[in-house]
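Trainee: Mind looking over this structure? Questions follow.
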Amino acid sequence: MGRIEPIAAAMAAAALLHAYIAARIFLWPLAALLLTSAALSALSPMAVNRRMTFLAHAQSHSILTASLSAAVTTALLKISWFSPYFTLVVIAYTIALNLLVLLVARSGFKEDVATGIVMSFQLAATIFLIYVLRSLVSTSLDPLALFTGEYLLITSSDVIQLAPVLAATSLFVALAGVPFLYIALDREYASSLGLRPTLYEVLFIIAMSSAAAVSVNVMGALIPAVVLVVPGAAAAKTTQSLVRQIPTASSYGVISASVSHFIYAELPWMWPNVAVALVLLAILLYSIRPLTR
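Written out as C-alpha cells, the structure reads:
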C-alpha cells in the first residue's frame, strides 16, 4: 500500500462523517458518489492506453444515447425511471453500443475510427430520441436529468441497487487489471504468454459500460467519461509502476468525490459532479507539474 490510499480513506471517512452529522441529506448521495468514483477511477488506467482512451471519452455519448433509449423503452412499457429495470436496460444498451465499436473495428477500421463512426450515429440518434421521449412523456420526465444526474434524490435503495454492479466491476479490476495493462504495453508479447487480448477488451468494455451506466443518476451522462480518463492519466504521471497505477487512480477518484462533497456543502450552486471534474483537473495539473516548470 502506498501513501495515497490512507489519505483517500481518511478523506472519505471525513466526508461521510460530515454528511452524517451536519448534512444528513447528503449521506446516501455521497456514498453513491464515492462508490462510483472509486470504481470508474479504478478502470481509468485501463482506459488510458492507445486502444481504449477514445472509447472511454465516448462514454458520455454512449451513456446519453443508452439512457434515452432506455427511457423510451421503459416509457413504452409503462415502467418507471426509478425502477431497477430502467438501470438494467441502460446497462444493456450501453454494453451493446460499446461492443458495436469492436464490431465496426472488425470491418477493418482502427479502434478510434470505429468509435468515431458509432459516435456520429449516436449524435443523430440522441436528438431523435429526445423528441420521441418528449412525445411519450411530455411533462412527467425531464431529459435534462440525464445530463445533470439527480444527486439529491439518491436514497439507500439506490446505493443497494448500484453496489452489486460496482462490486462486479471491482472484481474484474482486481483479477484482470494488471494483465490488461501489460496487454496494453505489449500486445504481441502478452499474447505469447497466453493472455487473450480480445477477451480482455470485451470484458473491459462490459465492466466499463456497466459501471458508467449505473452512475447516471449520480453523475449524469457526461462526467463519467471524465472519471474514466483523468485519474488514470494522473496516475500514469505519478507512478511508473503498472501495479500501482490502479490503486493510485482509484484513490484519486475517492479524493475527488470527498472534496466535492465539501465544495457542494459550501457552494450549493456547484453541482457535485462538476466539482468532481474540477478536483480531478487540479490533481492532473499537480501530477504533471514537473513538466510545466
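In this text, residue positions in the sequence shown follow the working numbering: the first is 4, and each later residue adds one. Here a beta-carbon is modelled for each residue, glycine too, at the ideal position from N, C-alpha and C.
How would you call Trp274, buried or exposed, if buried means at least 16 neighbouring beta carbons within 10 angstroms?
Mentor: Buried is the call here.
Trainee: Using a Cβ-Cβ cut-off of 7 Å (strictly less than) and excluding sequence neighbours within five positions of Ser173, which residues of its own chain qualify?
Mentor: Contacts found: Ala42, Ala45.
Trainee: Quick one: residues in its chain with C-beta nearer than 7 Å to the C-beta of Val121, no 5 flanking neighbours on either side, listed in chain order?
Mentor: The residues are Leu100, Leu103, Val104, Val107.
Trainee: How would you call Gln1, buried or exposed, if buried means at least 16 neighbouring beta carbons within 10 angstroms?
Mentor: No answer is possible for residue 1: it lies beyond the span of the chain, which begins at 4 and ends at 296.
Trainee: Which residue wins for smallest C-alpha separation from Ala16, given the options Ala239, Ser194, His264, Ala69?
Mentor: Checking every option, the nearest Cα to that of Ala16 belongs to His264.
Trainee: Does the stretch 110-120 come close enough to the stretch 219-232 that 3 or more CB-CB pairs lie under 8 Å?
Mentor: Output reads no: the stretch 110-120 does not touch the stretch 219-232.
Trainee: Using only the alpha-carbon positions, how far apart do Ser261 and Phe124 sit?
Mentor: Cα-Cα distance, rounded: 36 Å.
Trainee: Between Ser136 and Arg6, what straight-line distance do the alpha-carbon atoms span, to the nearest angstrom?
Mentor: This sequence places Leu at residue 136; Ser is not what is there. Cα-Cα distance, rounded: 48 Å.
Trainee: Apart from the five residues just before and just after Thr295, which ones in its own chain have a Cβ nearer than 6 Å to its Cβ?
Mentor: Unreliable placement is indicated for Thr295, whose pLDDT of 45 sits below 50; no coordinate value is reported for it.
Trainee: Taking the alpha-carbon of Gly119 as reference, which of Ser63, Val93, Ala238, Phe29 has the nearest alpha-carbon?
Mentor: When only C-alpha atoms are compared, the closest one is Ser63.
Trainee: Give me the residue from Leu149, His60, Asn52 with the minimum Cα distance to Thr90.
Mentor: Closest option to Thr90, Cα to Cα, is Leu149.
Trainee: Using beta-carbon positions only, say whether Val298 and Leu283 come within less than 8 Å of one another.
Mentor: Given that the chain is displayed from residue 4 to residue 296, the structure contains no residue 298 and the question cannot be resolved.
Trainee: Is the beta carbon of Ala128 less than 8 Å from the beta carbon of Thr68?
Mentor: Their beta carbons are under 8 Å apart, which means Ala128 touches Thr68 by this criterion.
Trainee: Touching or not, the stretch 174-194 and the stretch 17-34, by the rule of three or more beta carbon pairs under 8 Å?
Mentor: Too few Cβ pairs lie closer than 8 Å, so no.
Trainee: Within 10 angstroms of its Cβ, does Val246 collect 16 or more other Cβ (buried), or is it exposed?
Mentor: Result: exposed.
Trainee: What three-state label does DSSP hand Lys240 in the structure shown?
Mentor: Helix at Lys240.
Trainee: For Thr158, which of helix, strand or coil comes out of DSSP?
Mentor: In this structure, Thr158 counts as coil in the three-state DSSP scheme.
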